[in-house]
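Student: My numbering applies: residue 1 is where the sequence shown begins, and numbers increase by one.
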Amino acid sequence: MSIDKIQALINNMEPQEAASALTIVIKNLFPLLDEDVRIRFVMNLIGDSGDDKVSSLVHL
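(1) Would you kindly work out how many angstroms separate the C-alpha atoms of L32 and N44, rounded to a whole number?
(2) Roughly how many whole angstroms lie between the Cα atoms of V25 and I46?
(3) With a CB to CB cut of under 6 Å and the five nearest residues on each side skipped, what residues in its chain are close to T23?
(4) Check whether the Cβ atoms of R40 and F30 lie closer than 8 Å to each other.
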């Protein structure tokens, strides 16, 4: 499935519904990824100011 199709599905959902659905998908995907890929994924979500946010994730 293309990114455009995934985005179209998400666009047709309420924000909370989309976030919930993506959470389930990501929980199923993460065990299949190696640690470096998981870290890059989280860093891409956080963005450039990630240093402060990553250190706060340590406490989770």
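Cβ atoms here follow ideal geometry from the backbone N, Cα and C, with glycine treated the same way. These numbers come from a predicted model, not from an experiment.
Tutor: In this structure, then:
(1) 18 Å
(2) 18 Å
(3) none
(4) no
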